[in-house]
Amino acid sequence: MKIRYQVLFGLFLLSIITYLDRVCMNVVSKYVKADLNLNNESFGYILGAFSLAYALFELPTGILGDRIGPRKVLTRVVLWWSGFTALTGTAFSYLYLLIVRFLFGAGEAGAYPNASIVISRWFPSVEVGRAQSVIWAAGRLGGALTPLLVIPLVHAAGWRTAFFILGVVGAIWAITWYFWFRDKPADMAGISQKEVEEIEMNRKKVVSDHHVDWRIVIKNPNVWVLMLMCHLFFYASYFFTNWSSTYFQEGRHMTEEQSKNFISLSYFLGAIGCLVGGFASDLLTKRYGLKLGRRIVGVLGLGSSSICFLASGLTVDNETAGYLLSLCVLLKDFTLPVAFAVCVDIGKQYSGTVAGAMNFAGQLGGFFITIIFGIIVNQTGNFNYPLFVIAGCLIVASMLWFLIDPTKNLVVEKEV
12 MKIRYQVLFG
22 LFLLSIITYL
32 DRVCMNVVSK
42 YVKADLNLNN
52 ESFGYILGAF
62 SLAYALFELP
72 TGILGDRIGP
82 RKVLTRVVLW
92 WSGFTALTGT
102 AFSYLYLLIV
112 RFLFGAGEAG
122 AYPNASIVIS
132 RWFPSVEVGR
142 AQSVIWAAGR
152 LGGALTPLLV
162 IPLVHAAGWR
172 TAFFILGVVG
182 AIWAITWYFW
192 FRDKPADMAG
202 ISQKEVEEIE
212 MNRKKVVSDH
222 HVDWRIVIKN
232 PNVWVLMLMC
242 HLFFYASYFF
252 TNWSSTYFQE
262 GRHMTEEQSK
272 NFISLSYFLG
282 AIGCLVGGFA
292 SDLLTKRYGL
302 KLGRRIVGVL
312 GLGSSSICFL
322 ASGLTVDNET
332 AGYLLSLCVL
342 LKDFTLPVAF
352 AVCVDIGKQY
362 SGTVAGAMNF
372 AGQLGGFFIT
382 IIFGIIVNQT
392 GNFNYPLFVI
402 AGCLIVASML
412 WFLIDPTKNL
422 VVEKEV
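Residue numbers for the sequence shown follow the numbering used here, so the first one is 12 and each next one is one higher.
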């Protein structure tokens, strides 16, 4: 196996761990709420603390990765968030859990921007879309595995033990990554000169001092539209990350087993969506060019997902709603790897910074919908109203893809 594919496998495992740790709180929500005597509005603020911290630290960790390299940054942030994943299991009060989940989010914020940096340094431009799709498919696979692994563990040992075990798994990955991975392909043990040349062949070499002129970022319409698109997009993503278990069990009165199955199905379909979207975008790019290759997937994925979200909120049949919501994940996740591929297209040597900026806006969307969902449900008792809000956000996000142009770089590069 080529070394760059081994690196991709390492990121694949990282993405699985990221979503295992992230989705675990959703899966065990009823146990945590019962143990700490929390209603949905209070629980929404706990979930929102993660999203807010993730948003605030997304851009700084992207910039840090551009400056000192993803090897050091990923090691630090994975150790950090794994520690707070384990500490989640020690929660004894609302305030304690709020602080721990905020600090957990601060750590996880570094994962995907720095994974994008790895891809930008280790993969030829023609493989960027598919590499991103593998990483995001892995995240969805982690989400699919979470209820299947965690619920039996909770029944056997309690929800607190589940968080401790997940924290240990993350720490093992971080230590292994630090001693094995290198930021530059040429520095990696065992890599051939042929593969190094293959990686560099379709990539422009740039002279960089690792400083970004923020006037360029502020004035760049591509970055702003990309950020707004991701902000609206993540209203849908964080419904599944934080509230789907509560929606199925309290809103649709499903059993824990039914809820587990639909959550797993939705993330499993999301993994397929990520893979298909990334590969489809690369194929379309070869045939129609970079702009259409990215744009077609973005418009169709988010637009069709919006329709399914609306239909799921309107149907009275619980199983139909479950399948429609699972289909929503499949369709919206066509777009996910393409959005991060555009960060590489636009950002080049500053791909971590652009990915951080985009994901910062996305996480703010995740924060808002997490809080809004809990408030709406607590005030109205209707679990479908938030779904209509999400459907509207997705259709606007799909239209924004007509304004995103991946051929326009963030900076003017100096070729050498």
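Virtual Cβ for every residue (Gly too), placed ideally from N, Cα, C.
query: To which residues of the same chain is Asp416 closer than 8 Å at the C-beta, ignoring the five residues directly before and after it?
result: Position 405 of the sequence shown holds residue 416. Within the same chain, Asp416 has close Cβ partners Asn233 and Lys302.
query: Between Leu421, Asn395 and Arg15, which lies nearest to Asp198 when the distance is taken from Cα to Cα?
result: For the purposes of this step, residue 198 is taken as residue 187 along the sequence shown, with counting starting at 1. Among Leu421, Asn395 and Arg15, the Cα nearest to that of Asp198 belongs to Arg15.
field: Whole-angstrom C-beta distance between Leu347 and Gly288, which should lie under 8 Å
entry: Walking along the sequence shown from the start, residue 288 turns up at place 277. Walking along the sequence shown from the start, residue 347 turns up at place 336. Indeed, because the Cβ distance is near 7 Å, the residues count as touching under 8 Å.
query: Looking at the structure shown, is Met240 part of a helix, part of a strand, or coil, going by DSSP?
result: Walking along the sequence shown from the start, residue 240 turns up at place 229. Looking at Met240 - three-state DSSP - the assignment turns out to be helix.
query: Can at least three beta-carbon pairs, one atom from the segment 38–52 and one from the segment 160–176, be found at a separation below 8 Å?
result: Under the three-pair Cβ rule at 8 Å, the segment 38–52 counts as touching the segment 160–176.
query: Does the distance from the CB of Leu10 to the CB of Gln360 come in under 9 Å?
result: Any answer about residue 10 is impossible in this case: the structure gives the chain only from 12 up to 427.
- prompt: So, using beta-carbon positions, are Val310 and Leu295 closer together than 9 Å?
  reply: Counting from one through the sequence shown, the residue named residue 310 turns up at place 299. Counting from one through the sequence shown, the residue named residue 295 turns up at place 284. Going by C-beta atoms, Val310 is not nearer than 9 Å to Leu295.
message: Alpha carbons only, please: which of Tyr299, Glu52, Asn329 and Lys83 is nearest the one belonging to Trp188?
response: The residue labelled residue 188 in the question sits at position 177 within the sequence shown. Trp188 has its Cα closest to that of Lys83, out of Tyr299, Glu52, Asn329 and Lys83.
task: Answer yes or no: do Ile186 and Leu31 have a C-beta to C-beta separation smaller than 9 Å?
output: Numbered from its first residue, the sequence shown carries residue 186 at position 175. Numbered from its first residue, the sequence shown carries residue 31 at position 20. No.
task: Please name the residue, chosen from Thr99, Phe134 and Gly201, that lies closest to Leu114 on a Cα-to-Cα basis.
output: As a working mapping, residue 114 is identified with position 103 in the sequence shown. Closest option to Leu114, judged by alpha-carbon separation, among Thr99, Phe134 and Gly201: Thr99.
message: Taking 6 Å as the limit between beta carbons, can you name the residues of its chain near Arg132, skipping five residues before and five after?
response: Within the sequence shown, numbered from 1, the residue matching residue 132 stands at position 121. Closer than 6 Å at Cβ, skipping near neighbours: no residue.
- request: Taking 9 Å as the cut-off, decide whether the C-beta atoms of Gly262 and Gly284 are in contact.
  value: The sequence position of residue 262 within the sequence shown is 251, counting from 1. The sequence position of residue 284 within the sequence shown is 273, counting from 1. No. Outside cutoff.
field: Burial state of Leu421 (16 or more Cβ within 10 Å)
entry: Numbered from its first residue, the sequence shown carries residue 421 at position 410. Leu421 should be labelled buried.
- prompt: Of the residues Ser323, Gln17 and Glu267, which one's Cα is nearest the Cα of Phe134?
  reply: Translated into the one-based positions of the sequence shown, residue 134 becomes position 123. Among Ser323, Gln17 and Glu267, the Cα nearest to that of Phe134 is on Gln17.
field: Cβ neighbours of Gln143 in the same chain (closer than 6 Å, five flanking residues each side left out)
entry: Here residue 143 refers to the residue found at position 132 when the sequence shown is read from its first residue. Closer than 6 Å at Cβ, skipping near neighbours: Gly289, Pro348, Phe351 and Ala352.
Span of the alpha helix (DSSP H), counted from its first residue to its last, around Pro158: By 1-based counting over the sequence shown, the position of residue 158 is 147. Segment Val139 to Ala168, the alpha helix (DSSP H) holding Pro158.
- prompt: Can you check whether the CB of Phe345 is closer than 9 Å to the CB of Leu335?
  reply: On the sequence shown, residue 335 is found 324 positions in, with the first residue counted as 1. On the sequence shown, residue 345 is found 334 positions in, with the first residue counted as 1. No, the pair does not count as a contact, with Cβ atoms beyond the cut-off.
task: Could you check which residue in Ile387, Val88 and Glu206 has the C-alpha nearest to that of Gly55?
output: Against the sequence shown, residue 55 aligns to sequence position 44. The residue with the shortest Cα to Cα distance from Gly55 is Ile387.
task: Answer yes or no: do Ser26 and Gly178 have a C-beta to C-beta separation smaller than 9 Å?
output: Locating residue 26 in the sequence shown gives position 15, counting from the first residue. Locating residue 178 in the sequence shown gives position 167, counting from the first residue. The answer is no: Cβ separation not under 9 Å.
- prompt: Out of curiosity, what's the CA-to-CA distance linking Arg193 and Ala117?
  reply: The count along the sequence shown starts at 1 and reaches residue 193 at position 182. The count along the sequence shown starts at 1 and reaches residue 117 at position 106. Distance between the alpha carbons of Arg193 and Ala117: 24 Å.
- prompt: Are Gly377 and Tyr65 touching if we call contact CB-CB under 9 Å?
  reply: Here residue 377 is taken as the residue at index 366 of the sequence shown, counted from 1. Here residue 65 is taken as the residue at index 54 of the sequence shown, counted from 1. Result yes, Cβ atoms of Gly377 and Tyr65 sit closer than 9 Å.
- prompt: Taking contact to mean at least 3 C-beta pairs separated by less than 8 Å, is the segment 326–334 in contact with the segment 265–280?
  reply: Yes, the segment 326–334 touches the segment 265–280.
query: Along the chain, which unbroken stretches of the alpha helix (DSSP H) at least 4 residues long are found entirely within the segment 26–114?
result: 40–47, 51–79 and 81–99
- request: Starting from the C-beta of Phe399, find all residues in its chain whose C-beta is less than 7 Å away, skip the five residues before and the five after it, and write them out in chain order.
  value: The residue labelled residue 399 in the question sits at position 388 within the sequence shown. Correct list, in chain order: Leu321 and Gly324.
field: Assigned secondary structure, Pro348 (DSSP; H/G/I helix, E/B strand, else coil)
entry: Translated into the one-based positions of the sequence shown, residue 348 becomes position 337. In this structure, Pro348 counts as helix in the three-state DSSP scheme.
- prompt: Going by Cα to Cα distance, which pick from Leu47, Ala60, Leu22 and Lys13 is closest to Tyr249?
  reply: Here residue 249 refers to the residue found at position 238 of the sequence shown. With distances taken between Cα atoms, Tyr249 lies closest to Ala60.
message: If the criterion is Cβ atoms closer than 9 Å, does the pair Ser255 and Ser317 meet it?
response: Within the sequence shown, the letter at position 244 stands for residue 255. Within the sequence shown, the letter at position 306 stands for residue 317. Contact: no.
- prompt: Less than 9 Å separating the beta-carbons of Phe371 and Leu67?
  reply: In the sequence shown, counting from the first residue as 1, residue 371 sits at position 360. In the sequence shown, counting from the first residue as 1, residue 67 sits at position 56. Yes.
task: Keeping to the same chain, check which residues put their C-beta closer than 6 Å to that of Leu280; ignore five residues upstream and five downstream.
output: To locate residue 280, count along the sequence shown from 1; it is residue 269. The residues are Ser337, Val340 and Leu341.
- request: Verify whether the separation of the beta carbon atoms of Val43 and Ile274 is less than 9 Å.
  value: Looking up residue 43 in the sequence shown gives position 32. Looking up residue 274 in the sequence shown gives position 263. Not in contact: Val43 and Ile274 (Cβ atoms no closer than 9 Å).
task: For Thr266, name the three-state secondary structure that DSSP assigns.
output: Indexing the sequence shown from 1 puts residue 266 at position 255. Reduced to three states, the DSSP call for Thr266 is coil.
- request: Go ahead and pull the three-state DSSP assignment for Val353.
  value: Walking along the sequence shown from the start, residue 353 turns up at place 342. Three-state result, Val353: helix.
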